[in-house]
Every structure is written in C-alpha cells, then in structure tokens.
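Everything below concerns the one structure shown next.
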Amino acid sequence: MSYETLAGRTAVVTGAASGMGAATARLLAAQGARVVLLARREERLAELAAKIEADGGRALAVVADVTDDASVQAAVERVHEVYGGVDLVVNSAGVMLPNPIEGGRIDEWQRMLDTNVTGVLRVIRAFNGDLLAAAAEGRTADLVNISSIGAHVAFPNYAVYGATKAALTYLSQSLRTELGPRGVRVTNIEPGLTESELRGHIDNARLLEELDGMFGAIDALSAEEIADVVAYVTSRPPRVNLRQVIVLPTTQA
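Residue numbers (our numbering): 23 to 275.
Below, the structure is given as structure tokens:
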C-alpha cells in the first residue's frame, strides 16, 4: 500500500536497530519521509541507513541510549542540526525480561522500567516541542507508542513487563488530553505475538521454551506488518486519530 502523505515528513524511530523499529524506519523512508534511526548499536544503524539510502531514501543514524538523559539530549541536538524539527515520533525501543516475581530480579525490573517507560518519556520530552510546533504550523504531527497486548492480557511470569506496557498504554491515553487539543495525534499500538529480538533477551530456559512453543503454534506477525500499521495511522488526514490499535495474529486468542 502507498502512503503518499508521508512524503516530506521527518520521523524519529527509536529501537531502529532491529525488529519493528527497523521495519518502520524502512517503510517510512520508502514512502518519502526523512528518517532518524535512533538506537544503541552503531554498526546496525549504519547498515540500515546505508540500505535506506541505497534504495533512494534519506536516513540519519544517531547512536543513543533512551535510558540515559545526556545521550538523548545529544541525539536531539544532532537531529536538529541535520534535519531541523521533526513531526513524527515512533517509540519502538523496548525490552521484555520475564521471570517469576518471587525471583526478585530487581535488575530486570529496573531495566524494563528504564527502557519501556522512562525511556519513552525521555524521548517524548525531547521532541514534544517539535511536534507542537509542527501542529501549530498546520502540519501533521504524530506521536506513536508501541505498547503490547500484555497491557491488557495477563501472562504468568510477565507481570513486570505487562505493567510497563500498561503504563505506556495509559500514558498514551492521558497524553491525548494534553496534545490532542493542540493538534498532535497520539496513537498507541499493541501488537500480539510478533517476530522480533525480544525473546533473545530472555535468560529463563523454561520460559524461553514456552515462548518458542507459542511461536510454533501461532502464525506470528512480522515486524513489517506492524510497520504497515504505523504507516497507515500516521498517513490519515490530520483530523483523524486512530488512537489505539490492537494487532493480533488471527490464530492468537
């Protein structure tokens, strides 16, 4: 599908080194947007930027860690230096570290909170002014947060991950009351089972085996299919806000 209204826009995509972030960046660039690739892995970002440019798109690779204030601020300065203001932000960076709550893995809890919640807030703080300025000028302005079906459906041993995604879903809902009246759309996307690197973060062999079993039983979504949803919602007329989209594989209950 072609999303012609994305041409000429400037997008920041976090978590762009892999998975949904990388797929979203590729698709937005293919539709004519200037794309900022923001993630920690420099080599992966450089490869993706080169591929986008080889395909005729425009991409800026910016190494940044959303869990670090100084890193995000440096990224903002770099983006403004090269592209100026942005009008589309996709928060795709995230980690999933399931374990029984009785394990008391504070290290994992803190990492998920820092990335999935506070990291998103850092990025929003960094580019909120840009989005408001774009809207004030009559241009389309979008904030897209990638949450999870785990925000609504409880899975054993995923309590903290689900809590971080529920927080993100509620954050999106609340931000609409602040940003919507000023012309900035806020969309919350909640994928179900999707192929990504998230399961590579899991260090619990039993839970990893269970998750692999789910992938064996369910025809999981691809990162490109989630990217297609991002492109669709951000290419609608500015007065149309698809505020929350739950995207599941057909075979996932």
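All C-beta atoms in this analysis are idealised placements derived from N, C-alpha and C, irrespective of residue type, glycine included.
Bridge pairing for residue 61: 85 [DSSP].
The Cβ-Cβ distance between residue 199 and residue 164 does not fall below 8 Å. Residue pairing from DSSP places residue 212 in a beta bridge opposite 268. The beta carbons of residue 81 and residue 59 sit about 6 Å from each other, so the pair counts as a contact at 8 Å. Bridge partners of residue 110 according to DSSP: 33, 164. Each of 89, 118, 174, 201 was checked against the Cα of residue 219, and the nearest Cα belongs to 118.
At a cut-off of 3 residues, the continuous stretches assigned as beta strand (DSSP E) that sit fully inside the region 115–168 are 163–168.
Between residue 243 and residue 213, the C-beta spacing is below 8 Å. Taking a C-beta distance under 8 Å as the contact criterion, residue 36 and residue 89 do not qualify as a contact pair. With contacts defined by Cβ atoms closer than 8 Å, residue 57 and residue 50 form a contacting pair.
Assigned with DSSP and collapsed to three states, residue 251 falls in helix. Per DSSP, residue 183 is one residue of the alpha helix (DSSP H) stretching across 181–201. Contact annotation: the region 100–110 does not touch the region 126–143, with fewer than three C-beta pairs closer than 8 Å. According to the DSSP assignment, residue 99 belongs to the alpha helix (DSSP H) that extends over 91–104. At a Cβ-Cβ threshold of 8 Å, residue 269 and residue 240 do not count as neighbours. Judged by their CB atoms, residue 189 and residue 267 are not nearer to each other than the 8 Å cut-off. It is roughly 30 Å from the alpha-carbon of residue 180 to the alpha-carbon of residue 256. Beta bridge pairing from DSSP links residue 206 with 163.
DSSP, reduced to helix, strand and coil, places residue 80 within a strand of the structure shown. Sequence-distant Cβ neighbours of residue 183 in its own chain, meaning closer than 7 Å and more than five residues away, are 118, 119, 120, 134, 172. Leaving aside the five residues that flank residue 52 on each side, the residues in its chain whose CB is nearer than 7 Å to its CB run, in chain order, 77, 79.
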